[in-house]
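J.:
Protein chains in written order, with the numbering used here: chain W, 1 to 423; chain R, 1001 to 1360.
1. If you check the beta carbons only, do residue 1145 of chain R and residue 1138 of chain R fall under 7 Å apart?
2. Whole angstroms are fine: how far does the CA of residue 1064 of chain R sit from the CA of residue 1152 of chain R?
3. Can you check whether the CB of residue 1172 of chain R is closer than 7 Å to the CB of residue 1310 of chain R?
4. With a floor of 3 residues, list each beta strand (DSSP E) that falls wholly inside the stretch 1234–1306 of chain R, ordered by position along the chain.
5. Could you check what DSSP says for residue 369 of chain W in three-state terms: helix, strand or coil?
6. What residues from chain R crowd round residue 278 of chain W, counting only those whose CB sits closer than 9 Å?
7. Report the residues of the stretch 134–146 of chain W with a CB closer than 8 Å to any CB of chain R, ordered along the chain.
8. Express the C-alpha separation of residue 1212 of chain R and residue 1038 of chain R in angstroms, rounding to a whole number.
9. Tell me, please, whether the CB atom of residue 1287 of chain R is closer than 7 Å to any CB atom in chain W?
10. Assuming residue 1218 of chain R is part of the alpha helix (DSSP H), what are its boundary residues?
11. Mind checking if residue 390 of chain W is an interface residue toward chain R, Cβ cutoff 7 Å exclusive?
12. With respect to the beta strand (DSSP E) encompassing residue 1113 of chain R, which residues constitute its N-terminal and C-terminal limits?
13. Apart from the five residues on each side of it in sequence, which residues of its chain come closer than 7 Å, Cβ to Cβ, to residue 1243 of chain R?
14. So, residue 1272 of chain R versus residue 1332 of chain R, is the Cβ gap smaller than 7 Å?
15. Between the stretch 1297–1331 of chain R and chain W, which residues of the former have a C-beta closer than 9 Å to a C-beta of the latter?
16. Could you pull the start and end residues of the alpha helix (DSSP H) that residue 1096 of chain R belongs to?
17. State the Cα-Cα distance for the pair residue 1026 of chain R and residue 1093 of chain R, rounded to the nearest angstrom.
18. Give the straight-line distance between the Cα atoms of residue 1120 of chain R and residue 1190 of chain R, rounded to the nearest whole angstrom.
19. Under 7 Å, CB to CB, which of the residues in the stretch 398–423 of chain W have a partner in chain R?
20. I'd like the span of the beta strand (DSSP E) that includes residue 1147 of chain R, first residue to last.
21. Please look up how many angstroms separate the CB atoms of residue 1155 of chain R and residue 1040 of chain R, rounded, as I've assumed it's under 8 Å.
22. Assuming residue 344 of chain W and residue 239 of chain W make a contact with CB atoms under 8 Å, what is their CB distance in whole Å?
23. With DSSP collapsed to three states, give me the class of residue 288 of chain W.
24. Could you give the first and the last residue of the continuous alpha helix (DSSP H) run that contains residue 157 of chain W?
25. Looking only at its chain, what residues have a beta carbon closer than 6 Å to the beta carbon of residue 223 of chain W, apart from the 5 residues adjacent to it on each side?
26. How should residue 1287 of chain R be labelled, buried or exposed, when 16 other C-beta atoms within 10 angstroms of its C-beta is the threshold for buried?
27. Provide the residue span of the alpha helix (DSSP H) that contains residue 19 of chain W, from first to last.
28. Since residue 123 of chain W and residue 61 of chain W are thought to touch, with beta carbons under 8 Å apart, how far apart are those beta carbons, to the nearest angstrom?
29. Comparing alpha-carbon positions, which option in R/1195, R/1116 and R/1170 lies nearest residue 1163 of chain R?
30. Given that a residue counts as buried once 16 or more other Cβ atoms are within 10 Å of its Cβ, and exposed if not, what is residue 210 of chain W?
31. Pull up the CB-CB distance for residue 41 of chain W and residue 90 of chain W, whole angstroms please, since I reckon it's below 8 Å.
32. Any C-beta of chain W within less than 7 Å: which residues of the stretch 1101–1127 of chain R qualify?
33. Please look up how many angstroms separate the CB atoms of residue 29 of chain W and residue 198 of chain W, rounded, as I've assumed it's under 8 Å.
34. Just to make sure I have the definition right: I need the residues of chain R whose C-beta is within less than 8 Å of the C-beta of residue 329 of chain W. Which are they?
35. Going by C-alpha distance, which of R/1245, R/1339 and R/1175 is nearest residue 1113 of chain R?
36. So is residue 354 of chain W in contact with chain R if we call contact Cβ pairs under 7 Å?
This is the structure:
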């Protein structure tokens, strides 16, 4: 337990805690700490991108050209009672536009998506068009048994400012009527809030928030790590482009699908029993460990985790025969025309006081995620090689998927309580 | 903890303070009984510096799976990645070495390979969250899943286990079984006083000798020991044996042939290689083992052997070949030594494993 650097707890830990707790008191405390000075958003939110998931142009990029995700996140879930009415639809769109008017569309301001689950679409007689591949969530490995999301709606809210994330969530839930000097409105009463998942990503935040179950008391998370496991992720060349995860045909062209897994981490073994060779070999690739490719958190890798440069995907089977195979190495086997299939927008979390990852990904079809996850499981490698189902098999030893949900993120024009067959 | 502090802080109108938190972080020191490691350990199985007993916490059955949960003192062990071993030290606060043993109820076949996920709660609070126990090999405790964990003092613990399915090929009377996950639960009464009653013996006179401690009595009374049959009792025609030497890193290999058992595809002869520890005949799981079978100087089979679990053969490596004749030569190449964690006395054996040649 670090005593705080400034006699209290640090600003970023404080803000993370506020986002995790939520509510009006947390919001006002958080505002007091952050005091963001932000312009308001566009008067006419219709000028915002047609794709809800078009965030990348509004993100900061680092020196290597990697997109840097917003630091604070909430994934808020809602249920809708009955069949959506025109007035409810209008209220949802008004609420979303009101919060968009309050903050700029940027990493410092507000980035959000609204998605709808298979459970939501089940209430309609009509089916989604074939161009939308929205499978029901399911277990994706023989050894996992996640609870499956039943919520109808999932709203992903992100910003570098925790107070923005909290404020927007509070506004949509009807707890605020003004944000950043702008009048805001709530979702209709027919949308009831069911669950919230919170989190963060970015240098310093995991180290500041490592006092949770699943991380040993020795405070092993590096100060400069963006994620609990101590390494960079989201290398530009390991990410699908927004274009490639976008649905291109049919009435929902411009939409995408979203997969959200709640994953518990237990990193006691990772930090106290494994050594750096093992951590690099299992997170990246045995070749990276042998050759010392990864320095520190891996920022030296630039814009690529250098899987292809070291031939990692091709020798996954040989490496499994030799006793260890890497997570990125396995995942890099899931590519189409050389491009990854999923766009990661995951973040770490202290939800339930346990070290957690909310693995949120976007892909054109849910089946793209299923393919990627199947490669990541490495069940084929465990069957033929010396690696176990989890042991020495990427990072499966340290993670447990406890929930999974799939959502369809429509284009902006259909983001408010859509029908499955819009005209 | 920060969460609590934050709540306190917001309750006090943002007068932030670190006071009142320090007492939350006191940890008890583990009861460590770790004498110095034996000097000049041989690259072979050896008698460890000490031996510990264990306490049974309970057993549970789920379908064909049976499980035993037990514990002992926390102790050092070794993990292996490829051919690199690393010593795992006891960490501050760790109170027990927790062990799960799994076997098939119908055949008493001990299962060395799968995913064993454990969560421990006490009074509704999570004490250990989703820890994946390592597959381990111990001279007196056999093949089990284990790790050192930090309990939260005396009391009643609920252990929720998620186990399986078994990824190893299943053959014979095991074919088609053990394909499900099992989720046994245990209630474990723990007191430090009871742990202190567990036997502990220094082996000062024998430590370092090339030998092994025998499986403890409990292993055969309350659960199967996981020992493989002696060579002469393996099914089929036992064709040869490669005994301990430096080239094999102290592993023993017994080769037998039989008709392909249920669960193994192919027609011809099933060539089964039983890789085992010396003295105690425990299986050596998670190896990559390749075989080349030659007759009169010509290769008649060359390929990987598949890890397989069979009631009479136990855990072994096998492949279907056209035929095996007397006088054939079998070359076994170990592409990865057993990727199983080891208790003291096994960590220097089965690491650098050279090729083995047998005349069948």
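Every residue, glycine too, gets a C-beta built ideally from N, C-alpha and C.
The model shown is predicted, which means the values in this text are computed figures rather than measured ones.
T.: Here's the rundown:
1. It is not a contact, given that the beta carbons lie outside the stated cut-off.
2. When rounded, the distance between both Cα atoms is 33 Å.
3. Residue 1310 of chain R is a Cβ neighbour of residue 1172 of chain R, given a cutoff of 7 Å.
4. You should have 1237–1242, 1252–1258, 1269–1276 and 1288–1295.
5. For residue 369 of chain W, the three-state secondary structure derived from DSSP is helix.
6. Listed along the chain, the chain R residues whose CB falls inside 9 Å of the CB of residue 278 of chain W are 1079, 1081, 1084 and 1086.
7. Residues 142, 143 and 145.
8. If you draw a straight line from the Cα of residue 1038 of chain R to the Cα of residue 1212 of chain R, it comes to about 14 Å.
9. Using a Cβ-Cβ cut-off of 7 Å, residue 1287 of chain R counts as an interface residue toward chain W, since at least one Cβ of chain W sits closer than that to its own.
10. Going by DSSP, residue 1218 of chain R is part of the alpha helix (DSSP H) stretching over 1217–1221.
11. Yes, because at least one Cβ of chain R sits closer than 7 Å to the Cβ of residue 390 of chain W.
12. Here residue 1113 of chain R belongs to no beta strand (DSSP E), and DSSP marks it neither H nor E.
13. Taking C-beta separations shorter than 7 Å and ignoring five residues to either side along the sequence, the partners of residue 1243 of chain R in its chain run 1252, following chain order.
14. Cβ distance not < 7 Å, so residue 1272 of chain R and residue 1332 of chain R don't count as in contact.
15. From the stretch 1297–1331 of chain R, only 1304, 1306 and 1307 have a Cβ closer than 9 Å to chain W.
16. Membership of residue 1096 of chain R in any alpha helix (DSSP H) is not indicated; the residue belongs instead to the beta strand (DSSP E) covering 1096–1104.
17. Because residue 1026 of chain R carries a pLDDT of 31, less than 50, the predicted location of this residue cannot be relied on, and no value is offered for it.
18. So the alpha carbons of these two residues sit roughly 12 Å apart.
19. The residues in question are 400.
20. 1142–1149 is the extent of the beta strand (DSSP E) around residue 1147 of chain R.
21. The Cβ separation is near 43 Å, so there is no contact.
22. Yes, they are in contact, since the Cβ atoms of residue 344 of chain W and residue 239 of chain W sit about 6 Å apart, within 8 Å.
23. Residue 288 of chain W falls in the helix class under three-state DSSP.
24. Counting along the chain, residue 157 of chain W sits inside no alpha helix (DSSP H); it lies in the beta strand (DSSP E) bounded by residues 153–159.
25. By the criterion of a C-beta distance shorter than 6 Å, residue 223 of chain W is surrounded in its chain by 207, once the five residues flanking it on both sides are discounted.
26. Residue 1287 of chain R should be labelled buried.
27. It spans 11–21 - the alpha helix (DSSP H) in which residue 19 of chain W sits, taken as one unbroken run.
28. Between residue 123 of chain W and residue 61 of chain W, the beta carbon gap of about 41 Å keeps them out of contact (Cβ cut-off 8 Å).
29. Ranking R/1195, R/1116 and R/1170 by Cα distance to residue 1163 of chain R puts R/1116 first.
30. With 16 or more Cβ atoms within 10 Å of its Cβ, residue 210 of chain W is classed as buried.
31. Contact flag wrong, Cβ pair sits at about 20 Å.
32. Of all residues in the stretch 1101–1127 of chain R, those with a C-beta nearer than 7 Å to a C-beta of chain W are 1113, 1114, 1115, 1117 and 1126, reading in chain order.
33. No, residue 29 of chain W and residue 198 of chain W are not in contact; Cβ-Cβ is about 15 Å, not under 8 Å.
34. Within chain R, not a single residue places a beta-carbon under 8 Å from that of residue 329 of chain W; the smallest gap is close to 14 Å.
35. Among R/1245, R/1339 and R/1175, the Cα nearest to that of residue 1113 of chain R is on R/1339.
36. So yes, residue 354 of chain W belongs to the interface.
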